[in-house]
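Colleague: Those letters in the sequence shown? Residues -22 to -1, 1 to 200, per mature numbering (1 follows the signal peptide of the UniProt record, and there is no 0), in order.
Built from N, CA and C at the ideal position, the CB exists for glycine as well.
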Amino acid sequence: MTKCLLFLLSLCLLAFVGFSSTSPCQNPRNSNREVFDTLGRGINPRSNYRIASSLGGVLSGHVYLGHIPNSGASCPDGVFKYNSDGQRGTPLRFIEHSCRGQPPRIYENQDINIQFVGSRNCDNFINWKVGEYNATLEASLFGTRGGTIGRADSSWFKIVRAERGYHLLNCPGPFVCPNCALNQCRVVWVVVLDGRRRLALATRQTPSQGLRFPLSVYFVRA
């Protein structure tokens, strides 16, 4: 009888260990490193942050939610960057596709959505969304119209380490390509349109396009 009880107990322990080892909330992938804020704390998907350029001088400035000129939207609907560090950006959250650990954290190379912390009447204008390609500008500007958090119709991002801070990458996402390599993602850039700096998917700098550059960032707890 005692041997039977011990055998059953061992089976239970094995089942528990097996469940724990496959639970994404208990064991973040060892290949991924946590993303940290400016104070060295791990980014928590339940907390609010501001995105600040890690580039100095004329390339500095926070990211903010603003009105796209002539869009006709009743709420701010574009992703912009200030020209300097004098103004604070709009708080936002990084929302993970799947739980990777406890306490909850955001990891490098993890599929995430990015969402501004919006007002009560503008909840349909807070999710980062890559817009249509603009041939004249040679870029796809970021807006906040359309897309559902955690769904295939949203825009997906990854955070990867840069020389100074981090890069934001736009990637195909877990529904289209769950195991995509980083070379299938595109770095988020800053471009200038109508005198304002906009976040976009762009390519190389050309004289006719004015100031544009790949964005490197820090994350500031809001």
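(1) Could you please give me the residues that DSSP links to Arg164 through a beta bridge?
(2) Determine the direct distance from the alpha carbon of Leu37 to that of Thr126, and round the result to whole angstroms.
(3) When you compare each of Pro69, Gly124 and Gly128 to Ala51 by their alpha carbons, which one comes out closest?
(4) Please specify which runs of the beta strand (DSSP E), each continuous and at least 3 residues long, are wholly inside the stretch 88 to 124, giving them in chain order.
(5) In terms of DSSP beta bridges, what is Pro81 paired with?
(6) Starting from Val198, trace the beta strand (DSSP E) both ways and give me its first and last residue.
(7) Quick check on the burial criterion: 16 or more other C-beta atoms within 10 angstroms. Buried or exposed for Gly64?
(8) Could you tell me whether the Cβ atoms of Arg175 and Asn61 are closer together than 9 Å?
(9) In this structure, how does DSSP classify Leu37 when only helix, strand and coil are distinguished?
(10) Count the other CB atoms, across all protein chains shown, that sit within 10 Å of the CB of Ala180; report buried if there are 16 or more and exposed otherwise.
(11) Would you call the CB atoms of Phe197 and Tyr42 closer than 9 Å?
(12) Quick one: grab the DSSP three-state call for Arg7.
(13) What is the DSSP secondary structure of Gly143, counted as helix, strand or coil?
(14) Between which two residues does the beta strand (DSSP E) containing Gly27 stretch?
(15) What does the Cβ neighbour count give for Leu189, buried or exposed, with the cut at 16 atoms within 10 Å?
(16) Would the beta-carbon of Val57 fall within 9 Å of that of Trp134?
(17) Have a look at Glu12 and Asp55 and give me their C-alpha separation to the nearest angstrom.
(18) What first and last residue would you give for the beta strand (DSSP E) that runs through Val57?
(19) Would you list the one or two residues that DSSP bridges to Val170?
Modeller: Based on what the coordinates show:
(1) Counting from 1 along the sequence shown, the entry for residue 164 is found at position 186. According to DSSP, which records beta bridges pairwise, Arg164 is partnered with Asn148.
(2) In the sequence shown, residue 126 corresponds to position 148, counting from 1. In the sequence shown, residue 37 corresponds to position 59, counting from 1. Answer to the nearest angstrom: the Cα atoms are 31 Å apart.
(3) Position 73 of the sequence shown, counting from 1, holds the residue named residue 51. Checking every option, the nearest Cα to that of Ala51 belongs to Gly124.
(4) Note on the stretch 88 to 124: whole beta strand (DSSP E) runs with a minimum of 3 residues are 90 to 94, 107 to 112 and 117 to 121, in chain order.
(5) Position 103 of the sequence shown, counting from 1, holds the residue named residue 81. Pro81 is not bridged to any residue.
(6) Locating residue 198 in the sequence shown gives position 220, counting from the first residue. Segment Ser194 to Arg199, the beta strand (DSSP E) holding Val198.
(7) Here residue 64 refers to the residue found at position 86 when the sequence shown is read from its first residue. By the neighbour-count rule (16 or more Cβ atoms within 10 Å), Gly64 is not buried but exposed.
(8) Residue numbering aside, residue 175 sits at position 197 when the sequence shown is read from its first letter. Residue numbering aside, residue 61 sits at position 83 when the sequence shown is read from its first letter. Yes.
(9) Counting from 1 along the sequence shown, the entry for residue 37 is found at position 59. Helix.
(10) As a working mapping, residue 180 is identified with position 202 in the sequence shown. Under this definition Ala180 is a buried residue.
(11) On the sequence shown, position 219 is the one that residue 197 refers to. On the sequence shown, position 64 is the one that residue 42 refers to. For Phe197 and Tyr42, no; Cβs fall outside 9 Å.
(12) Translated into the one-based positions of the sequence shown, residue 7 becomes position 29. The predicted model places Arg7 with a pLDDT of 47, which falls under 50 and marks its position as unreliable, so this point remains unresolved.
(13) Residue 143 sits at position 165 when you count from the first residue of the sequence shown. Of the three classes helix, strand and coil, the one that applies to Gly143 here is coil, per DSSP.
(14) For the purposes of this step, residue 27 is identified with residue 49 of the sequence shown, where counting begins at 1. Contrary to the premise, residue 27 reads as Tyr rather than Gly in this sequence. From DSSP, the beta strand (DSSP E) with Tyr27 extends over Tyr27 to Ser31.
(15) By one-based count along the sequence shown, residue 189 stands at place 211. By the neighbour-count rule (16 or more Cβ atoms within 10 Å), Leu189 is not buried but exposed.
(16) Locating residue 57 in the sequence shown gives position 79, counting from the first residue. Locating residue 134 in the sequence shown gives position 156, counting from the first residue. No, they are not a contact pair.
(17) Translated into the one-based positions of the sequence shown, residue 12 becomes position 34. Translated into the one-based positions of the sequence shown, residue 55 becomes position 77. Approximately 30 Å between the Cα atoms of the pair.
(18) Position 79 of the sequence shown, counted from the first residue, corresponds to residue 57. Gly56 to Lys59 is the span of the beta strand (DSSP E), which, as asked, contains Val57.
(19) Counting from one through the sequence shown, the residue named residue 170 turns up at place 192. Note: Val170 sits in a beta bridge opposite Arg175.
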